[in-house]
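Step one of this worksheet: look at the structure below.
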Amino acid sequence: MITREEAASLMESKIKNINLRKHIYAVEAGMIRLAEHFGEDVEIWGLTGLLHDLDYDKTVKKPQQHTFITEEWLKDYHLPQEMISAIRCHPGHTPCQTRMDWALYATDPTTGFLVACALMHPGKRLEGVDVEFMLRRFKEKRFAAGAERENMAACSNLGLELPDFLTLVKDGMMKIGDVLGL
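Residue numbers (numbering that gives the first Met the number 0): 0 to 181.
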């Protein structure tokens with residue numbers, strides 16, 4: 000099994016864009032917070048978030064290959080299949096089946112949405128963003144247009160209402176606010 004430090008080092012060796020690294024750390028933080036909420040394995044969920052976009056620099060112009068290169072790179076680490084499955088599910092290559100699949104699928108776009116919310120907020124900090132603000136912005140299709148609303152709303156497959164899901168992911172991201180600059 001890969002350690003968190005090894006995973007972070009691997010990710011940073013593959014991902015050069017600082018904003019993409021921040022996104023990955025945000026997804027890790029959101030996945031950790033969701034794992035805590037559901038009583039799931041925090042280490043596995045966090046590592047899944049940390050490794051989910053490992054091949055993005057190589058596949059950005061070939062989205063049909065996204066996650067397949069990651070899977071190849073991770074073979075030698077003998078990770079639990081549930082991690083590889085969730086990574087494969089997050090861009091929609093395979094259907095989500097487990098709680099972790101749905102969590103990653105919904106959290107991935109949510110982090111970008113929450114960053115946009117923070118940047119639009121007068122304080123430019125996550126802690127200033129409340130549920131009403133997030134829900135208003137969620138309804139604005141042109142706001143953070145790249146954040147797939149359908150994927151975010153898939154949090155219902157976790158048994159969570161959108162306000163609760165957004166709050167949980169935001170709370171996770173706030174724990175690493177210094178890393179995110181938010």
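Backbone N, C-alpha and C define an ideal beta-carbon position, used for all residues, glycine too.
By a C-beta neighbour count over all protein chains shown, 10 Å radius and 16 as the cutoff for buried, is residue i buried or exposed?
i, result
"Ala143", "buried"
"His89", "buried"
"Ala152", "exposed"
"Ser84", "buried"
"Thr69", "buried"
With DSSP run on the structure shown, which of helix, strand or coil describes residue i?
i, result
"Arg124", "coil"
"Asn18", "helix"
"His65", "coil"
"Leu181", "coil"
"Cys88", "helix"
Would you kindly check if the distance between the Cβ of residue j and the Cβ of residue i is under 7 angstroms?
i, j, result
"Pro108", "Asn156", "no"
"Val128", "Ala146", "no"
"Met82", "Leu49", "no"
"Ile14", "Asp40", "no"
"Asp177", "Arg32", "no"
"Leu179", "Lys21", "yes"
Report the residue from the options whose alpha carbon sits nearest the alpha carbon of residue i.
i, options, result
"Gln63", "Ile43, Arg87 and Asp40", "Arg87"
"Leu73", "Asp52, His92, Leu165 and Gly91", "Asp52"
"Val168", "Ile17, Gly29 and Tyr24", "Gly29"
"Gly91", "Glu42, Glu139, Tyr104 and Met172", "Tyr104"
"Lys187", "Ile17, Val26 and Ser12", "In this structure the chain extends from 0 to 181, so residue 187 is not present and cannot be described."
Q: Can you check the region 153–180 for any alpha helix (DSSP H) of at least 4 residues that lies completely inside it and give the ranges in chain order?
A: The alpha helix (DSSP H) runs of length 4 or more contained entirely in the region 153–180 are, from start to end of the chain, 161–173 and 176–179.
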